[in-house]
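The structure appears below as structure tokens.
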Amino acid sequence: DVKVTQSSRYLVKRTGEKVFLECVQDMDHENMFWYRQDPGLGLRLIYFSYDVKMKEKGDIPEGYSVSREKKERFSLILESASTNQTSMYLCASSPGFSRRFFGSGTQLSVL
Amino acid sequence: AQSVSQHNHHVILSEAASLELGCNYSYGGTVNLFWYVQYPGQHLQLLLKYFSGDPLVKGIKGFEAEFIKSKFSFNLRKPSVQWSDTAEYFCAVSPSNSNSGYALNFGKGTSLLVTP
């Protein structure tokens, strides 16, 4: 079974802090994704990566950056957290163009 | 730009009732279609998918969906829901000729509550 692991289930940070969300997948998938999930808005793509050190902006990249130094790990970085970044963050991976495999999510609260 | 519409944001059903969740998309070319489910406190998981062939697709837990190309629809159905089907359901669409795996658009989700 594919496993996508997000390092934290719940995270509370203060405005202005730098926040790192980590994601690891164990199936050698080329593609990895970061989404945020908000009530009534569904899933929105923040960034994705199709190879090591390669990244592409998704639909809502503002205020975020990413890092993919190793194939299995994809990090989402909030350079200076703001209250409007309070959300559920979902990491996913996929082999090629097919289905996404999702992690359990990180509920981030920015106070 | 392609978009995915889920018509019902909140659905409440009694156990044993039949379920149909609507999903329409706007895209002119051929598409791959997905339904994902998120049970309370759990991660998103694939319910079923359509790539080609028989437009009636059967998924896990008794769910099925029918792709109607002329209507740009991929509605999810289940003849008799159970309390354990309480979850949020997401329709997703990607162009079949996508060469990056990026272009998977999700609908806004439908929250289903099944009451005993």
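Protein chains in written order, with this note's numbering: chain A, 4 to 114; chain B, 96 to 211. The beta carbon of each residue, even a glycine, is placed where N, CA and C say it ideally should be.
If contacts are defined as beta-carbon pairs under 8 angstroms, then residue i and residue j qualify, I think. What distance do you get, rounded to the angstrom?
i                     : j                     : result
residue 119 (chain B) : residue 158 (chain B) : Contact doesn't hold; Cβ gap of about 18 angstroms is too wide.
residue 50 (chain A)  : residue 64 (chain A)  : 6 angstroms
residue 34 (chain A)  : residue 96 (chain A)  : 6 angstroms
residue 109 (chain A) : residue 12 (chain A)  : 6 angstroms
residue 48 (chain A)  : residue 61 (chain A)  : 3 angstroms
residue 21 (chain A)  : residue 82 (chain A)  : 6 angstroms
residue 128 (chain B) : residue 176 (chain B) : Wrong, their Cβ atoms sit about 21 angstroms apart, outside the cutoff.
Find the nearest neighbour of residue i within the set the options, judged by alpha-carbon distance.
i                     : options                       : result
residue 28 (chain A)  : A:8, A:113, A:15 and A:37     : A:8
residue 56 (chain A)  : A:63, A:10 and A:68           : A:68
residue 151 (chain B) : B:125, B:131 and B:164        : B:164
residue 30 (chain A)  : A:92, A:73, A:109 and A:66    : A:73
residue 139 (chain B) : A:112, A:15 and A:91          : A:91
residue 173 (chain B) : B:111, B:162 and B:135        : B:111
residue 137 (chain B) : B:191, B:183 and B:210        : B:183
residue 130 (chain B) : B:121, B:141, B:117 and B:124 : B:141
residue 59 (chain A)  : A:36, A:43, A:84 and A:24     : A:36
residue 156 (chain B) : B:103, B:201, B:132 and B:124 : B:132
Give the range of the beta strand (DSSP E) segment to which residue i is assigned.
i                     : result
residue 37 (chain A)  : 34-41
residue 103 (chain B) : Counting along the chain, residue 103 (chain B) falls outside any beta strand (DSSP E), and DSSP gives it neither H nor E.
residue 72 (chain A)  : 67-73
residue 95 (chain A)  : 90-97
residue 82 (chain A)  : Unbroken run through residue 82 (chain A): none, as it is neither H nor E.
residue 45 (chain A)  : 45-54
residue 158 (chain B) : Counting along the chain, residue 158 (chain B) falls outside any beta strand (DSSP E), and DSSP gives it neither H nor E.
residue 13 (chain A)  : 13-16
residue 58 (chain A)  : 57-60
residue 109 (chain A) : 109-113
So if DSSP puts residue i in a beta bridge, which residue, or which two residues, is it bridged to?
i                     : result
residue 130 (chain B) : B:143 and B:186
residue 30 (chain A)  : Bridge partners of residue 30 (chain A): none, in fact.
residue 173 (chain B) : B:114
residue 120 (chain B) : B:99
residue 76 (chain A)  : A:27 and A:73
residue 168 (chain B) : B:119 and B:163
Measure from the C-beta of residue i to each C-beta in chain A and report whether the shortest distance is under 7 angstroms.
i                     : result
residue 201 (chain B) : yes
residue 102 (chain B) : no
residue 196 (chain B) : Unreliable positioning characterises residue 196 (chain B) in this predicted model, as indicated by a pLDDT of 49, which lies under 50. The coordinate reading is nonetheless provided below. Interface residue, yes.
residue 204 (chain B) : yes
residue 141 (chain B) : yes
residue 138 (chain B) : yes
Run the proximity test for residue i: is its beta-carbon closer than 6 angstroms to any non-hydrogen atom belonging to the ligand HEM?
i                     : result
residue 111 (chain A) : No copy of the ligand HEM appears in this structure; indeed no ligand is present at all.
Is the CB of residue i under 7 angstroms away from at least one CB in chain B?
i                     : result
residue 66 (chain A)  : no
residue 24 (chain A)  : no
residue 106 (chain A) : yes
residue 16 (chain A)  : no
residue 46 (chain A)  : yes
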